[in-house]
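Chemist: Please find one structure pasted underneath; my questions will follow.
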Amino acid sequence: MRKDMILVVLILSGSALLWWPGLIAKLFSFQWFLPWWFQLVIFALGIGLATILSRGRWPRFLVASTVGTFAGVLSAVVIMPDSPPDYDGIAVLIAPLASALLSLVVGLAVRKISVPDGTPRRIIWLAFASCLAFEPMALALTALFVHR
Numbered sequence: 003m004r005k006d007m008i009l010v011v012l013i014l015s016g017s018a019l020l021w022w023p024g025l026i027a028k029l030f031s032f033q034w035f036l037p038w039w040f041q042l043v044i045f046a047l048g049i050g051l052a053t054i055l056s057r058g059r060w061p062r063f064l065v066a067s068t069v070g071t072f073a074g075v076l077s078a079v080v081i082m083p084d085s086p087p088d089y090d091g092i093a094v095l096i097a098p099l100a101s102a103l104l105s106l107v108v109g110l111a112v113r114k115i116s117v118p119d120g121t122p123r124r125i126i127w128l129a130f131a132s133c134l135a136f137e138p139m140a141l142a143l144t145a146l147f148v149h150r
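And the structure:
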């Protein structure tokens, strides 16, 4: 149970932080260094790997990713007040719905996958950690690109 709660907290915080680099790029009107769909791929990989690691308990991650996305987009809109007001309301409503749909699809797709303990499970943990490490790295690189 403890491992599942750690995974839920990591998905919650990771999905909140994932959308910030793209929102910052849009605010400062510069081309982000990665295509827009790359964030969705990282998001889907994180949900899928967490579902595999928790042995198919995907509804927890559906809720955590939706709440995390809502909190992340809402906090970005509140912290960055220079963003266009029309975009704010739409982004705060549509982003969590899109993340819920993507989480649902990925969770249903990988819920039956089972990985034995040992080395394969460690490799999945490493891949999951890599997905989570992407978010702070992308946020740090975005700040560097904004200052140029």
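In this text, residue positions in the sequence shown follow the numbering used here: the first is 3, and each later residue adds one. Every residue gets a Cβ at the ideal spot worked out from N, C-alpha and C, and that includes glycine. Values in this document were obtained by computation on a predicted structure and should not be read as measured data.
Ends of the alpha helix (DSSP H) at residue 82?
Modeler: Neither: residue 82 is in no alpha helix (DSSP H) and is coded neither H nor E.
Chemist: Taking the straight line between their C-alpha atoms, what separation do you get for residue 37 and residue 27?
Modeler: Looking at the two C-alpha atoms, the distance is approximately 12 Å.
Chemist: Give me the residue from 52, 127, 81, 93 with the minimum Cα distance to residue 161.
Modeler: Only positions 3 to 150 of the chain appear in the structure, and residue 161 is not among them; the question remains open.
Chemist: Taking Cβ positions, are residue 10 and residue 59 nearer each other than 7 Å?
Modeler: Going by C-beta atoms, residue 10 is not nearer than 7 Å to residue 59.
Chemist: Classify residue 101 as buried or exposed, calling it buried when 16 or more other Cβ atoms lie within 10 Å of its own Cβ.
Modeler: By the neighbour-count rule (16 or more Cβ atoms within 10 Å), residue 101 is buried.
Chemist: Would you call the CB atoms of residue 50 and residue 108 closer than 7 Å?
Modeler: In contact: residue 50 and residue 108 (Cβ atoms closer than 7 Å).
Chemist: What is the rounded straight-line gap between the Cα of residue 144 and the Cα of residue 72?
Modeler: Taking the straight line joining both Cα atoms gives about 21 Å.
Chemist: Assuming residue 112 and residue 54 make a contact with CB atoms under 8 Å, what is their CB distance in whole Å?
Modeler: That belief holds up - the Cβ atoms of residue 112 and residue 54 are roughly 6 Å apart, short of 8 Å.
Chemist: According to the neighbour-count rule (16 or more other Cβ atoms, all chains shown, within 10 Å of its Cβ), is residue 80 buried or exposed?
Modeler: Exposed.
Chemist: What do you get for residue 74, buried or exposed, if any count of 16 or more other CB atoms within 10 angstroms of its CB means buried?
Modeler: Residue 74 is buried by the Cβ-count criterion.
Chemist: In chain order, what residues of the same chain have a beta carbon less than 6 Å from the beta carbon of residue 17, not counting five sequence neighbours either side?
Modeler: Within the same chain, residue 17 has close Cβ partners 67, 70, 71.
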